[in-house]
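If you want the working numbering, it's the position in the sequence shown, counting the first as 1, plus 5.
Every residue, glycine too, gets a C-beta built ideally from N, C-alpha and C.
Fair warning: this is a prediction, and the values are worked out from it, not measured in the lab.
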Amino acid sequence: MLKTSDVYNLVAQRSGLSLARSRKIINEISNVIAGSLNKGEVVNITNFGRFKIHHYPSKSVPDPQGRGHQILILPTKVVKFKPADKFRNAVEIRRGTLHKVATRYDKDGQVMSAPPDEVDQIQAGENQAGDGVNVAEFEADTELKEDIIEAAAPAETATEPATAETVKTEQNKKSPNLLILFDKFKKRDPITVDAKTQTSQFRQAIKPKTISYKDLSNIKVDKKILNILPELFARRHKAAPIEADKNTITVAMVDPENLEIVQLIKKSTGRDVVPVLATTEDINRILNQYSGLEKEVETVIKDTDLEISKKEIAQAQNENVETSGEDSPTSKIVLSLMRRAVREKASDIHVEPYENAVVIRFRIDGVLRERIRLPKTIQAAIIARLKIIANLKIDEHRLPQDGRFMIEIDKNRVDFRLSILPVADGEKAVMRVLDKSQGILSLEEIGVRGRSYDIVKNNVKKSFGMTLVCGPTGSGKTTTLYALLGQLMDVGVNIVTLENPIEYRIEGINQSQVNPDIKYNFADGLRAIVRQDPDIIMVGEIRDKPTAEIAIQSALTGHIVLSTLHTNNAAGAFPRLIDMGVEPFLISSSVNTVIAQRLARKICEHCKESYNPSAQELQTIKEELAKIKDYKMPAKMNFFKGKGCEVCNDTGYQGRVGLFEILDVNTAIKELANQSSDDSKISAQAIADGMTTMMQDGLMKAIDGITSLEEVWRVTKD
């Protein structure tokens, strides 16, 4: 297979682009594909092929070395690739092996011969070991027999590798010619019955050369064009109209080769359909242009009477949470708020009552933004509706209440944690949005890198000990815990978590949720977990002495323990545990690593521009970076900020990244902990040992163009 660097070079040579530009384009495409695959989606790329994740269960097979015993093959998830016709014509498949042929196309799509030196370069690349995706791994749909799937699958994951001769023999037995098997596959379409007829119809309706990729990141579609297709239909099928005339309509689709949807659009609009390929994120951005939240809510208010009676409240208690949005006007408003919050990737929804209005604010990328003001007269109805779906007491207005509920939005299950608090002008409601479709991020994706990454990776793989993640509420501690679990997951270990709440459900991990209403707290749950033969324990939060003592005892008796603390920096974890009543020598013996973090907003890639900071800022930056051990100061430092655009709602930011300081508990730190030293002494020792502070980490990420100096100062300055 080709190395990633070979692909960068090859694309740069053939496209005429710089190596840096080619690398950026390929990485962006890879990120889009990986993100969609992680969500369980099938990725179609016109004239190239289709990617899909295939799950291989664990099974026992005979030892390929012929020693007479069985070998366990672990369960794996493999990315399968089904090539498009144009790409398949550029390769030759024989006996389970993919032989690349250097092929290029002219402007009319005709095959041109490549220079001999390029052919030699590709063939040489095939013989080199390296990272990358082996495109010989083809996807096989359910119509194909199991032996075809096995013939196309790679021979891997065995505890001892099979020899090349054994693998080759097995492939020859199962698949003398994979190309013949592949040609037998026929795409099944629900509209037609006869496979031969439907395949012909499909190729006539959508030819590969008529489908192209469309970048919709900065496109605003006219309302008249959007109204050609109903919003409900467009969202259900991820098909967004972007251009139209009297005879044709151009529709951006995730799957532009879906003949059924194309025919439905043609039938409903009476126009010829021109499908184009676009990313799910870009299509959602177009779909959000159908109508703003304010217009959506105002329409409901105008067309309906929002006063609800006690009888209506009683009836609403028997409604199905996921379908009641179609019944009452109050439910429509509440569902509109939640739907918009999920689509805008908000982490929290605030419903705030004031003297003359109800203000709705969303927390997006860590910052609250006002979204709409509603009439004061509907305040009681909205709060009552939220209490109903969270199964709280409708008639209780003097005491705080907490609850949770789940609804389905855009075919994804989303959990909401609801908190009701009595305030001067009524009851305030805050909903934490837990969108499980986001998936688990890796340590690299959340921003851990360099020496800090090595410290975490080495310490978390030790046979026992505790890793603590510290920071204020909303700093991403739970996300970091899940990233650490991603490093530790293995079929040979028993991982048990105790959470409040369970934010992401992970296959292969035993997850338990505390419930204070029945006196099932962290301490009691942890006592039960240690009797479950765990190898790795994750505790959502250490907040009292019993929990801390059990967690430390578990870490000292051969378990890996992951947990969080509410402290402002990494060094503050030691005095915090001592304040809880834990003996200092137990802390120094059990804690391996302390991670402190904050979340900074990332600069929007669509409106990023360079700028020059002030002389005073530059001086501060140089002084901070000079303190980093073994850090090489760049000759020229470039800084960026977001100008503001439609993509980022004129904020200049989109998404967040972690700023970290990671304390390695070495001998010197243990001695200070045993002496009950304060956090300033421990921090000074850690910095002397080479720890990078959160501010220094943020400055390095600002130099790399990930975040802005303004964000670094905002989240790290005292």
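Item, Value
"Would you identify the three-state DSSP class for Asp-370, choosing helix, strand or coil?", "coil"
"Does the region 496-513 come into contact with the region 618-637, if we say contact requires no fewer than three beta-carbon pairs (one atom in each stretch) closer than 8 Å?", "no"
"Within 10 angstroms of its Cβ, does Leu-234 collect 16 or more other Cβ (buried), or is it exposed?", "buried"
"Of the residues Leu-391, Val-259, Asn-232 and Lys-251, which one's Cα is nearest the Cα of Ala-244?", "Val-259"
"Any contact of the region 526-536 with the region 460-469, i.e. 3+ C-beta pairs under 8 Å?", "no"
"Between the beta-carbon of Ile-511 and the beta-carbon of Ile-541, is there less than 8 Å?", "no"
"Count Cβ pairs between the region 665-685 and the region 577-592 that sit closer than 8 Å; are there 3 or more?", "yes"
"Leaving aside the five residues before and after Arg-1 along the sequence, list all residues of the same chain whose C-beta is less than 8 Å from its C-beta, in chain order.", "Only positions 6 to 723 of the chain appear in the structure, and residue 1 is not among them; the question remains open."
"Assuming Val-259 is part of the alpha helix (DSSP H), what are its boundary residues?", "Element bounds for Val-259: n/a, residue is neither H nor E."
"So who's on the other strand from Asn-515, going by DSSP bridges?", "Val-501"
"Can you tell me the Cα-Cα spacing of Val-84 and Ser-682, whole angstroms?", "51 Å"
"Expressed to the nearest angstrom, what Euclidean distance is found between the alpha-carbon atoms of Lys-251 and Leu-340?", "36 Å"
"How would you call Lys-627, buried or exposed, if buried means at least 16 neighbouring beta carbons within 10 angstroms?", "exposed"
"How would you write the range of the alpha helix (DSSP H) that Lys-4 sits in, first residue to last?", "This structure does not reach residue 4, given that the chain is present from 6 up to 723, and the question cannot be answered."
"What does DSSP give as the partner residue(s) for His-59 in the beta ladder?", "Val-83"
"Between Gly-695 and the rest of its own chain, which residues show a CB-CB distance below 6 Å, the 5 nearest in sequence each way excluded?", "Lys-634"
"Taking 8 Å as the cut-off, decide whether the C-beta atoms of Asp-669 and Ile-460 are in contact.", "yes"
"Measure the beta-carbon distance from Phe-56 to Leu-42 and round it to whole angstroms, keeping in mind my assumption that it falls under 8 Å.", "6 Å"
"Once you ignore the five residues that flank Asp-407 on each side, which residues in its own chain have a CB closer than 6 Å to its CB?", "Ser-424"
"Got a sec? Which residues, its chain only, sit under 7 Å from Leu-570 by beta carbon, not counting five neighbours each side?", "Leu-473, Cys-475, Ile-547, Ala-578 and Arg-581"
"Relative to the alpha-carbon of Ile-394, which residue among Arg-422, Gln-268, Arg-403 and Thr-382 has its alpha-carbon at the smallest distance?", "Arg-422"
"For Gly-530, which of helix, strand or coil comes out of DSSP?", "helix"
"Can you name the start and end residues of the beta strand (DSSP E) that Thr-552 belongs to?", "Looking at the DSSP string, Thr-552 is not in any beta strand (DSSP E); the run it does join, the alpha helix (DSSP H), is 550-561."
"So does the region 346-359 actually touch the region 636-645, counting three or more Cβ pairs closer than 8 Å?", "no"
"By a C-beta neighbour count over all protein chains shown, 10 Å radius and 16 as the cutoff for buried, is Pro-380 buried or exposed?", "exposed"
"Check Gly-455 in the structure and name its three-state DSSP category.", "helix"
"Assuming Ile-224 contacts Ile-247 under a Cβ cut-off of 8 Å, what Cβ separation, rounded to an integer in Å, is found between them?", "6 Å"
"Are the CB atoms of Glu-504 and Gly-545 within a distance shorter than 8 Å?", "yes"
"Would you mind stating whether Ser-593 and Leu-561 have Cβ atoms separated by less than 8 Å?", "no"
"With distances taken Cα to Cα, identify the nearest neighbour of Arg-456 among Ile-254, Val-428, Ile-692 and Thr-483.", "Ile-692"
"Quick one: Cα of Glu-432 to Cα of Leu-704, how far?", "41 Å"
"Looking at the secondary structure, which residues open and close the beta strand (DSSP E) in which Ser-424 lies?", "417-428"
"Rounded to the nearest angstrom, how far is the Cβ of Gly-657 from that of Gly-649, given a contact under 8 Å?", "5 Å"
"Whose C-alpha, out of Thr-598, Glu-666, Tyr-218 and Ser-352, is nearest the C-alpha of Met-471?", "Thr-598"
"Would you decide whether Tyr-616 is buried or exposed? Buried here means 16 or more other CB atoms lie within 10 Å of its CB.", "exposed"
"Between His-611, Leu-426, Val-256 and Glu-262, which has its C-alpha nearest Val-279's C-alpha?", "Val-256"
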